[in-house]
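Comments concern the structure below.
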Amino acid sequence: MEQQTLTEHKGAPTSYGIYVLIWLALMALTAITAVVAGINLAAFTLVIALLIALVKSSLVVNVFMHVKYEDKIFKIFVAIAGGVLSVIFLLTFADVYFRR
Amino acid sequence: MADIALPPQDISVVEGSYLENIGKHKGLAAWLLSTDHKRIGIMYTVMLFSFFSVGVLLGILLRLEMISPGGKLFGPEVYNALFTLHGVIMIFLFVIPGIPVTLGNFFLPLQIGAKDVAFPRLNLFSFYLYVIGSAVILTALFVNGLPDTGWTFYVPYSLRTTTGVTVAVFGVFIVGFSSILTGINFLTTIHRLRAPGMTWFKMPLFVWALYATSWVQIIATPVLAITLLLIIISRVFGIGIFNAAAGGDPVLYQHLFWIYSHPAVYIMILPPMGIVSEIIATFTRRTIFGYKAIAMSSLAIAFIGYLVWGHHMFVAGMSQQADMVFSFLTFIVAIPSGIKVFNWVASMYKGSIDPQPPFLFVMAFMVLFSIGGLSGLVLGSLATDVHLTATYFVVAHFHYIIFGGGVFIFFGALHYWLPKMFGRMYDKKIASWDLLVMFIGFNLLYFPMFIMGYEGMPRRYFTYLPQFETLQHISIAGSWILVAGLIVMFVNLIHGAIKGPRVGPNPWGGTTLEWKTASPPIHENFEEEPVVIHEPYYHEEAFTS
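Chains as they are written, first to last, in our numbering: chain A, 52 to 151; chain B, 485 to 1029.
Below is the structure:
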């Protein structure tokens, strides 16, 4: 295998407008998280908070961290880390759910 | 294969060796500021074994406390502090960084035919993070007294104690970053810097093990960092995330801690498993049976290792359903471990075995790791774990796995690669007999703990019932025999590295790339970039005869 040099990011650069839009979306989602925390939704509180966190982290990872424009291998790396994290969440919450 | 005997000479006269200073710096600065992976590996080795010596000394003192019931040597407070310090030093400063930062740093680029790791400066930065983190942990000695929580920093006690937990935890936090950066460096190196022709399945199995380990370091260590930060925030600002009275959950701490710390066991044991494959292939003159199965089992262990943390918490108040799931998953991890052991044994079958010291260390590993592994199944079963949890049985199991398994192979690897690192040989006869001494000492030290634990002796107690006196004395005697063996081993290795007879590039007849360059290796490892044609354990004489 040839020793490869690290390449620059591929694809069109993200415009400032997109960055601002993403930032506004993140702020809005943070506000929703705060509001939802004040409403008694029983077991759904956690699910909704996690879904919002998932959307926020996807935006940050894809746009701010440029994973969207990276090679497939980096996307696989991020997916593996995300997958492991999901399994960890699942097992931990399963314990809390079944605990008396 | 016989050693190539050359007249004794000073190491520094070997032309172009990495031990020669090049560049503007001289003396110690040439080492401390070097980005050469080999020098960084040596610096890590010196640091790690310094901490190991301190950890051993603390262990000896802990054993000595058991010379008679009633704790006449130290009081309970000092004993608590000593076992905490023993655990923190041995776990966070020795076995977790362990083989990857020392021998991994030295041999990963050599084994894949690269000039260095992908990010040499980041590598040096990782080293200094480790040094700074270690210094912060040791500072905890002088801030409000020694932490006395045990190395696990369990809440609620770690939130309540007035000892220097915050400082110690912050030190571990910094060392964790060193580990993450090393993982990123190794992963990138393996992906991008392999020599021409070295496809994934032509990589040595030590490289595969480091690859799996790097993934664990990158994904699991941040969880520890966050958990430790939560402890600091809880202690400093009184936030009740782990405090039941404030609506928090103390069991959540244990979840978070073991989400890291169980995979960390695989950070400790996967690299030694890789080295076992290297040593067996070299000293049996055979290719490794089931090469792909061993490579994949490293990844499988790394993955399944994430899913079994709950077996540390069977009596912590988890739900029964979670207990059963974690117990089941724990048994599954035995499958890839078994794949490795059976393939190693199959590799030896009809091999031309040369029982040199590194190979004898592997034999000791097989026995000790098997005892440790099988006793782990007893602890992974729900019913038996309830009886044995927090007893000496757990202490024995853990030391058989990590010390008898991981650290014995660390020693074996030093015996294997020392001639490559320094171009000199130690006294092999002393090394072989000394291993026997250490093996006897180790078993005398730890095997009685299985019996005492089974009979109900709790761990972390500064005293014990008179019925355990005989077994405690056998264990103490074992600790002295083991330490005597360790002293002889280090003297033999250090003497060999400095004044041993010179050896050629390949004294053992190894087949992987590090044996194709000079001993000690030159600054950028190879005169010319190697091209890989054969699989890693291609013994030409075996294939051509």
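We put the beta carbon where it would ideally sit given N, CA and C, even for glycine. Treat the numbers as computed from the prediction; the structure is a model and nothing was measured.
Residue i versus residue j: straight-line alpha-carbon distance, rounded
i	j	result
B/PRO492	B/PRO560	Any reading at B/PRO492 must be qualified, since the residue scores a pLDDT of 45, below 50, and its modelled position is unreliable; the value itself is stated next. Spanning the two alpha carbons is a distance of roughly 53 Å.
B/TYR750	B/VAL700	8 Å
B/PHE843	B/ARG770	13 Å
B/GLY969	B/MET922	5 Å
B/PHE952	B/ARG943	13 Å
B/ALA709	B/ALA624	18 Å
B/ASP918	B/ILE544	19 Å
B/HIS883	B/PHE690	23 Å
A/THR65	B/ILE668	26 Å
B/PHE894	B/ASN589	14 Å
A/VAL87	A/TYR70	26 Å
A/LYS123	B/THR868	46 Å
B/ILE965	B/GLY925	5 Å
B/GLU549	B/THR568	15 Å
B/ASP487	B/PRO989	A caution first: B/ASP487 carries a pLDDT of 39, below 50, which makes its placement in the model unreliable, though a value can still be read off. Distance between the alpha carbons of B/ASP487 and B/PRO989 is about 10 Å.
A/TYR148	A/VAL135	20 Å
B/ILE768	B/ASN827	The amino acid at residue 768 of chain B is misidentified as Ile; the sequence shows Thr. When rounded, the distance between both Cα atoms is 13 Å.
A/GLU53	B/PHE849	Residue placement at A/GLU53 is flagged as unreliable, the pLDDT there being 43, under the threshold of 50; the coordinate-derived value follows with that caveat. Each residue's alpha carbon lies about 38 Å from the other.
B/GLY722	A/PHE144	25 Å
B/TYR910	B/ARG605	33 Å
B/ILE495	B/VAL987	Bear in mind that a pLDDT of 46 at B/ILE495, under 50, signals an unreliable position, so the number given afterwards is only what the model happens to contain. Approximately 11 Å, taken between the alpha carbons.
B/VAL538	A/ASP146	39 Å
B/PHE787	B/PHE558	43 Å
B/THR766	B/PRO839	11 Å
B/LEU712	B/PHE657	7 Å
A/LEU75	A/ALA100	18 Å
B/THR673	B/SER552	53 Å
B/HIS899	B/PRO841	7 Å
Where residue i falls: helix, strand or coil (DSSP)
i	result
B/PRO560	helix
B/ARG944	coil
A/GLN55	Note on A/GLN55: pLDDT 45, under 50, position unreliable in the model; the coordinate value appears next. Looking at A/GLN55 - three-state DSSP - the assignment turns out to be coil, as it is neither helix nor strand.
B/ILE716	helix
B/ARG770	coil
B/SER662	helix
B/ILE914	helix
B/ALA489	Bear in mind that the predicted position of B/ALA489 carries a pLDDT of just 40, short of 50, making it too unreliable to give a figure here.
B/PRO1020	coil
B/ILE1006	strand
B/THR996	coil
B/SER496	Unreliable positioning characterises B/SER496 in this predicted model, as indicated by a pLDDT of 45, which lies under 50. The coordinate reading is nonetheless provided below. In the structure shown, B/SER496 sits in a helix (DSSP, three-state: H, G or I).
B/ARG547	helix
B/GLU1011	coil
Of the residues the options, the one placed nearest residue i, counting alpha carbons only
i	options	result
B/PRO688	B/TRP828, B/THR711, B/ILE759, B/PRO839	B/ILE759
B/GLU1011	B/GLY597, B/LEU592, B/ALA777	B/GLY597
B/VAL879	B/PHE603, B/ILE621, B/GLY634	B/GLY634
B/LEU566	B/ASN505, B/GLY629, B/GLY511, B/SER618	B/GLY629
B/ILE886	B/PHE906, B/LEU966, B/MET752	B/MET752
B/ASN607	B/GLY511, B/ILE788, B/TYR528, B/GLY888	B/TYR528
B/MET973	B/GLY500, B/PRO553, B/PHE892	B/PHE892
B/MET757	B/LEU677, B/ASP838, B/MET797, B/PHE845	B/PHE845
B/HIS1007	B/LYS510, B/ARG523, B/LEU517, B/GLY511	B/ARG523
B/PRO680	B/LYS599, B/TRP692, B/GLY993	B/LYS599
B/PHE611	B/SER518, B/PHE536, B/HIS675	B/SER518
B/PRO932	B/GLY940, B/GLN956, B/SER916, B/PHE946	B/GLN956
Unbroken alpha helix (DSSP H) run spanning residue i, endpoints
i	result
B/TYR884	Where B/TYR884 is concerned, there is no enclosing alpha helix (DSSP H), given that its DSSP letter is neither H nor E.
B/GLN956	953-983
A/ALA100	95-110
B/TRP515	511-516
B/GLN595	589-596
A/LEU85	The sequence given here has Ala at residue 85 of chain A, not Leu. Run containing A/ALA85: 67-88, per the alpha helix (DSSP H) assignment.
B/ILE823	818-832
B/ASN607	604-623
B/MET850	841-864
B/ALA730	It is not in any alpha helix (DSSP H) - B/ALA730 carries neither H nor E in the DSSP assignment.
A/GLY134	123-149
Partner residues on chain E for residue i, Cβ-Cβ distance less than 7 Å
i	result
B/ALA748	Of the protein chains in the structure, A and B, none is chain E.
**OP:** Give, in chain order, every residue of the region 106-138 of chain A whose Cβ lies closer than 9 Å to some Cβ of chain B.
**Re:** Result list: ILE124, PHE128, ILE131, ALA132, VAL135, LEU136, VAL138.
Subject >> Selection of the region 777-804 of chain B by Cβ proximity to chain A, strictly under 9 Å >> reply: Of all residues in the region 777-804 of chain B, those with a C-beta nearer than 9 Å to a C-beta of chain A are PHE787, TYR790, LEU791, TRP793, GLY794, MET797, GLY801, MET802, SER803, GLN804, reading in chain order.
**OP:** May I ask you to list, following chain order, the residues of the region 692-704 of chain B that have a beta carbon less than 7 Å from some beta carbon of chain A?
**Re:** Correct list: ILE703.
Subject >> Interfacial residues, the region 734-745 of chain B to chain A, with Cβ spacing under 7 Å >> reply: Answer in chain order: HIS739, ILE743.
Original post:
Which of the residues in the region 92-103 of chain A, read from start to end, lie with their CB under 7 Å from any CB of chain B?
Top reply: Among the residues of the region 92-103 of chain A, none has a Cβ less than 7 Å away from any Cβ of chain B.
**OP:** With 7 Å as the C-beta to C-beta threshold (strictly closer), list the residues of the region 705-734 of chain B near chain A in chain order.
**Re:** Identification of residues in the region 705-734 of chain B having a C-beta nearer than 7 Å to some C-beta of chain A yields an empty set.
Subject >> Chain-ordered residues of the region 850-874 of chain B with a beta carbon less than 9 Å from chain A >> reply: So nothing in the stretch comes that close.
Subject >> Residues within the region 905-920 of chain B neighbouring chain A, beta-carbon criterion of under 8 Å >> reply: Flagged: no residues at all.
**OP:** Select from the region 62-87 of chain A all residues with a C-beta closer than 9 Å to any C-beta belonging to chain B, and list them in chain order.
**Re:** Listed in sequence order: no entries.
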